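Each residue of the sequence shown is one higher than the one before, counting from 9 in the numbering used here.
Where is the CB? At the ideal position from N, CA and C, for every residue including glycine.
The structure presented is a predicted model; accordingly, all values stated were derived computationally and were not measured.
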Amino acid sequence: MKTDLIILGGGPAGLTAGLYASRARIPTILLERSIPGGQMTATEWIENYPGITEPILGAELAQRMEEHARKFGLEIHQEDVARVSATDSGYRADTDSGKTYECRAMILATGASPVKLGIPGERELAGKGVSYCAVCDGPFFRDLEVAVVGGGDSAVEEAVYLARIAARVHVIHRRDELRAVKEIQEKAFAEPKITIHWSTVPISVNGERDVQSLTIRSVKDSSRQDLPVAGVFFYVGLTPSNQVFSDLAHMDGKGFVITDGQMACSRPGLFAAGDIRSKTLRQISTAVGEGAQAAYSAQQFLQGF
Ligand SMILES: Cc1cc2nc3c(=O)[nH]c(=O)nc-3n(C[C@H](O)[C@H](O)[C@H](O)COP(=O)(O)OP(=O)(O)OC[C@H]3O[C@@H](n4cnc5c(N)ncnc54)[C@H](O)[C@@H]3O)c2cc1C
């Protein structure tokens, strides 16, 4: 199947790119392996999307974005793309169902996913106190105790952010020194509301309907402790969904796609938007803005500007 523009991934970045491209009457196909919405579909309440003044379920916002894009004629095909490659006239996407889609321009919007530790209670209490995003969920824990798991830049930065909101922030780190850069570490050490539990690992997140506590274990003497927290934020890594185009786009050391300010990748006609990009803030609002810009840049490219 041939079209002008293919959008790979139907999260907020891809759906917004699809809305803009279809509204500009560019023949566009969006390929999404699952139901559209991306990480929003796994999110309970969202309260930081501008204009939505009351908390909205992630699934509902996803559905609204899909409807909005379809209203302007966006074609969405449920396909798991197995490989993306360059052709003489643009790009092609081969799906695991054996179909081939060809286009002149492509927007990569495949997102990323937080690494899960897989400890008891983590999956069961996701969205009920277990979170992977302090900017998203931190304000739900105002004046409560929370834990942050991890010792890298993101974990420590988010612990400092949470200390402005929560009553106490417990940082659970398996080593006896942090991996975060010195400047961030100093901020954490200077924050009286942060307690660092050195050389400990989380064992289980406990609670029936919501998080009541986190059990941690010392890696030195195996002693255990129950921390009375209402929230547990895991920051043990973020995996970019780049496997199907890893040899095509230019990426940073962690596998996120490098673009310029117009969302253009290193190859002509290839663009990227959303969490797959190399950047610092991964949110719905940033994904949406980048999706709009990527569609506009693709339009300019297709029109030969
Ligand atoms: C638990 C949780 C809560 C969050 N809460 C908030 C919040 O409250 N507020 C906020 O602003 N942000 C929140 N975020 C972050 C926000 O959801 C992301 O920043 C945003 O969804 C990124 O959008 P995206 O379109 O770039 O990628 P994604 O949402 O990751 O979408 C990518 C899509 O691409 C598809 N895809 C990937 N590879 C392929 C392939 N090979 N073939 C076909 N399809 C493919 C995936 O199935 C997915 O649907 C939260 C994230 C999580 C995990």
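Taking the Cβ of Thr294 as the reference point, at least one heavy atom of ligand 1 falls within a distance shorter than 8 Å.
Secondary structure note for Asp145: its alpha helix (DSSP H) is the uninterrupted segment Ala142 to Asp145. Counting the other Cβ atoms within 10 Å of the Cβ of Thr51 gives 16 or more, which makes it buried. Between the region 37–48 and the region 14–27, the count of C-beta pairs closer than 8 Å reaches three or more; the two stretches touch.
According to the DSSP assignment, Phe197 belongs to the alpha helix (DSSP H) that extends over Lys190 to Ala198. The C-alpha of Gln291 lies about 15 Å from the C-alpha of Pro147. Cβ neighbours of Glu216 within its own chain (closer than 6 Å, five residues either side excluded): none. Taking C-beta separations shorter than 6 Å and ignoring five residues to either side along the sequence, the partners of Lys136 in its chain run Asp218, following chain order. Nearest to Ser42 by C-alpha distance, out of Gly18, Val179 and Thr61, is Gly18.
If you ignore the 5 residues before and after Arg78, its C-beta comes within less than 8 Å of the C-beta of Ile84, all in its own chain and listed in chain order.
Bridge pairing for Gly98: Thr95 [DSSP]. The Cβ-Cβ distance between Phe264 and Arg285 falls below 9 Å. Note on the region 199–238: whole beta strand (DSSP E) runs with a minimum of 3 residues are 202–205, 208–214, 221–226 and 232–235, in chain order. The alpha-carbon separation between Leu38 and Ile14 amounts to approximately 6 Å.
The alpha-carbon of Val168 is positioned some 11 Å away from that of His178. Measuring C-alpha to C-alpha distances from Pro210 to each of Arg33, Arg225, Pro200 and Ser93 identifies Arg225 as the nearest. DSSP links Arg275 through a beta bridge to no other residue.
Bounds of any beta strand (DSSP E) do not take in Pro63, whose DSSP letter is neither H nor E.
Cβ-Cβ separation between Ser221 and Asp234: approximately 5 Å, consistent with a contact (criterion under 8 Å). Shown here for Gln311: not one same chain residue has a beta carbon closer than 8 Å to its own, the five before and five after excluded. In terms of Cα proximity to Glu132, the closest of Ala142, Lys287 and Ser212 is Ser212. Arg183 sits exposed, since fewer than 16 C-beta atoms from the chains shown fall within 10 Å of its C-beta. DSSP places Val296 outside any beta strand (DSSP E); the residue lies instead in the alpha helix (DSSP H), whose first and last residues are Ile292 to Leu310. Around the beta carbon of Leu278, 16 or more other beta carbons sit within 10 angstroms, so the residue counts as buried.
Under the 10 Å beta carbon count, Gln251 is surrounded by fewer than 16 other beta carbons and is classified as exposed. Taking non-hydrogen atoms of ligand 1 into account, the C-beta of Ala120 is found less than 8 Å away from one of them.
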